[in-house]
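The sequence shown begins at 0 in numbering that gives the first Met the number 0 and counts up by one.
Only one structure is covered here, and it is reproduced in the block below.
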Amino acid sequence: MILEELAFLVIAAVAIVTAANALLVRELVHTILWIALFFVDLAALYFLLAAPFLGVLELGVYAGAVTILLLFGVMVTRKRIFAREAVTGIGPAPLLLAGLVLAVVVVGAEELPSGEGTVHAYAPALLSQALFNADGPWLLLLGLAMLSALAGAIYLVREGRE
């Protein structure tokens, strides 16, 4: 077994564990943190597949922005986010359905032809220049503005609790 295959198996196992924990944990904030770890793991898969631009995009957009958006939404809408009244989680029926879907996917994957595909690497600098061109600094400024808005929202919400 080559090192890349071993790395893929480890990353895939971590992805399955983090996704399952995101579904099974009882606290809503913990669910969001498990989802963030899943997004980081997905970015690691992109890096393993020689797609660094997609990996960085996954880290920035999903592991960063979406996680912050989810935490912000919970923080604004619930008074006590670590309270037992914020309980989430799933029951046995969705777990059985997930097991059935997994079995169908495994059986379906065995039916697929096993051909060797080619992966073409690309230059992340050229791709980012083509996508963002002259708008890169403005996007960075927008990100900083959103970060300062989040910091202000956290301050406003925490002020009412003390």
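Note that CB positions come from ideal geometry on N, CA and C, so glycine has one too.
Among the residues of its own chain, which have a CB less than 7 Å from the CB of residue i, if the five just before and after it don't count?
| i | result |
| --- | --- |
| ALA42 | GLY54, GLU57, LEU58 and ALA62 |
| VAL156 | MET74 and VAL75 |
| TRP33 | THR17, ASN20, ALA21 and VAL24 |
| PHE37 | ALA14, THR17, ALA18 and ALA21 |
Using only alpha-carbon positions, find the residue among the options that is nearest to residue i.
| i | options | result |
| --- | --- | --- |
| ALA49 | ILE31, GLU3 and VAL28 | GLU3 |
| VAL60 | GLU110, LEU138, TYR154 and VAL156 | LEU138 |
| ALA144 | ASN132, GLU109 and ALA64 | ALA64 |
For residue i, collect the residues of the same chain with a Cβ closer than 8 Å to its Cβ; drop the 5 residues on either side in sequence, then sort them by chain order.
| i | result |
| --- | --- |
| ASP40 | ILE10, VAL13, ALA14 and THR17 |
| PHE7 | LEU44 and LEU47 |
| ALA152 | PHE71, MET74 and VAL75 |
Please tell me whether residue i and residue j are closer than 8 Å, where the distance is taken between their beta carbons.
| i | j | result |
| --- | --- | --- |
| THR66 | ALA35 | yes |
| PHE71 | LEU149 | yes |
With a 10 Å radius around its C-beta and 16 neighbouring C-beta atoms as the bar for buried, classify residue i as buried or exposed.
| i | result |
| --- | --- |
| LEU27 | buried |
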